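Written out below as structure tokens is the structure these notes cover.
2 protein chains.
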Amino acid sequence: MADGALTPEQILDTAEDVLRRFGLQKTTVVDVARALGVSHGSIYRHFPSKTALREAVASRWLARVSEPLGEIAAETGPALPRLRRWLEQLIRIKRGKVLDDPELFAVYHALADEADAVVQEHVGKLVDQISRMLSDGMVTGEVRFSDPRAMAWAVLRTTMVFHHPAHVGHWSLPEADVDRAFDDIFDLITRGLTPTEA
Amino acid sequence: MADGALTPEQILDTAEDVLRRFGLQKTTVVDVARALGVSHGSIYRHFPSKTALREAVASRWLARVSEPLGEIAAETGPALPRLRRWLEQLIRIKRGKVLDDPELFAVYHALADEADAVVQEHVGKLVDQISRMLSDGMVTGEVRFSDPRAMAWAVLRTTMVFHHPAHVGHWSLPEADVDRAFDDIFDLITRGLTPTEA
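In order, the protein sequence lines correspond to chains A and B.
The UniProt record's numbering applies: residue 1 is where the first sequence begins, and numbers increase by one.
The UniProt record's numbering applies: residue 1 is where the second sequence begins, and numbers increase by one.
Here's what the structure looks like:
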């Protein structure tokens, strides 16, 4: 491949393939360069270190989670049904990733442990999105007045069993069991979010 | 030591010491026997396999969590303040264990992955205890009528970030941050548990 044509996206696509095949520990920048038929210098031109490349891979993977969710958060209309769709979509994306491509999921889980700043930024985006929906709900009176950011953290934390990679064992339960558990928790937290006089 | 005097409790105490020093992977029944000055046959008389010994160690450790909680659950008086004390005590026990003896905590976390049936039994006990408090609250009208077992699961799952070993990184946050996060979540779930007309 001509180095001039090499884009960051192509490097990240290839890095993802190589990681899936070799795993996180065994993958080097040289492996990625070899798979692309370029010198490792061509990779370093875009990503100055192995860490930078890994963080970019993790960041792109997490963006595939946060971007579709951002679209739901930015919709208009009732806030609590939107929050429910948002959480269901988050769960669907995570569950889909682990069931469709468990090897890559395991790599990303390990990668996330290393790329802590990238994960924190991602979680920050999710909290912003939930805050936005809760703030909308305060305006319409669907959600009681409170600190929307603190409540957003509480919503993300109370549903952790459905989307935090540490609980991946839970996601492979029969769909009906996960759905039932989610219904119970969503019921609990939406009742908690609703003004008492409603 | 005279084998005749050897009690299961002594074996478990020593097994815990040996696990703390050697770690889960390197500890054998022979190591435990040597530390006690007995033959490995003396251990096998009480615990028929290495797995049985490990499960007994895990089971005793988990009992130290569930037993003091069981006393709180069995108290009388208002159900929701009791549930709050129960959760605070659960968090205090787990936090204490990891801060006071991180090596042993790491061993138990690894052990819990192996002794799944033991962990399931433990979680079942915790769910029973929460169910009992919620059922009491339904009788007094503090808690809305619903399926107390399903709600108990929801309470345990929504507070997972504070007591599931996978989130141990979170527990070392400054105490004030953890307390604030717990207050927000407890507020959310107790409002969710309370009848709407209250």
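By construction, the Cβ of each residue, glycine as well, lies at the ideal position given by its N, Cα and C atoms.
Since we're looking at a predicted model, the values are computed, not measured.
Could you work out which residues of chain A lie near residue i, taking near to mean beta carbons separated by less than 8 Å?
i, result
"B/ALA166", "HIS164, ALA166, HIS167"
"B/TRP153", "ALA181, ASP184"
"B/ALA117", "Within chain A, no residue comes near B/ALA117; the closest Cβ sits about 14 Å away, beyond 8 Å."
Just the chain A side, please: which residues come within less than 7 Å of residue i by C-beta, in chain order?
i, result
"B/ARG191", "ARG191, GLY192"
Mind listing the chain B neighbours of residue i? Cutoff is C-beta to C-beta under 7 Å, in chain order.
i, result
"A/MET160", "MET160, VAL161"
"A/LEU134", "Those within 7 Å of A/LEU134 in chain B number zero; the least Cβ separation is about 11 Å."
"A/ARG64", "In chain order: nothing, as chain B lies at least about 23 Å away."
Kindly say whether residue i, judged by its beta-carbon, lies nearer than 7 Å to any beta-carbon of chain A.
i, result
"B/VAL95", "Checking the sequence shown, residue 95 of chain B turns out to be Arg, not Val. By this cut-off, B/ARG95 is not an interface position."
"B/LEU173", "no"
"B/LEU6", "no"
"B/PRO195", "no"
Using beta-carbon positions only, say whether residue i and residue j come within less than 7 Å of one another.
i, j, result
"B/LEU24", "B/ALA110", "yes"
"A/ILE93", "B/THR158", "no"
"B/LEU104", "B/ARG191", "no"
"B/VAL123", "B/ALA112", "no"
"A/LEU69", "A/GLN129", "yes"
"A/THR14", "A/LEU36", "yes"
"A/GLU55", "A/ALA150", "no"
"B/VAL29", "B/ILE43", "yes"
"A/LEU188", "B/ALA154", "yes"
"A/ALA106", "A/SER131", "no"
"B/VAL98", "B/VAL143", "no"
"B/ALA73", "B/MET133", "yes"
"B/GLY137", "B/ALA79", "yes"
"A/ARG82", "A/GLU75", "yes"
"B/VAL18", "B/THR27", "yes"
"A/ALA58", "B/ALA166", "no"
"B/PRO102", "B/HIS46", "no"
"A/ARG95", "A/TRP171", "yes"
"B/SER66", "B/LYS125", "yes"
Check for me: the alpha helix (DSSP H) holding residue i runs from which residue to which?
i, result
"A/LEU188", "175-193"
"B/ALA115", "No alpha helix (DSSP H) contains B/ALA115, which DSSP labels as neither H nor E."
"B/ARG149", "148-158"
"B/HIS170", "168-171"
Could you tell me if the beta carbon of residue i falls within a distance shorter than 6 Å of some heavy atom in the ligand FMN?
i, result
"A/TRP171", "By its list of ligands, the structure shown contains no ligand whatsoever, and the ligand FMN lies outside what it can speak to."
Mind listing the chain B neighbours of residue i? Cutoff is C-beta to C-beta under 9 Å, in chain order.
i, result
"A/ARG82", "Correct list: empty, because the minimum Cβ distance to chain B is about 18 Å."
Taking CB distances under 7 Å as the criterion, tell me whether residue i reaches chain B.
i, result
"A/MET150", "Looking at the sequence provided, one finds Ala at residue 150 of chain A rather than Met. Yes, A/ALA150 lies at the interface with chain B (some Cβ there is under 7 Å from its Cβ)."
"A/ARG157", "yes"
"A/LEU188", "yes"
"A/LYS50", "no"
"A/THR14", "no"
Length-filtered (4 minimum) alpha helix (DSSP H) runs lying within the stretch 79-105 of chain A
Listed in chain order, they are 79-100.
Only counting runs of 3 or more residues, tell me where the beta strand (DSSP E) segments fall wholly within the UniProt domain "HTH tetR-type" (5-65) of chain A, in order along the chain.
Listed in chain order, nothing qualifies, since the UniProt domain "HTH tetR-type" (5-65) of chain A has no complete beta strand (DSSP E) run of 3 or more residues.
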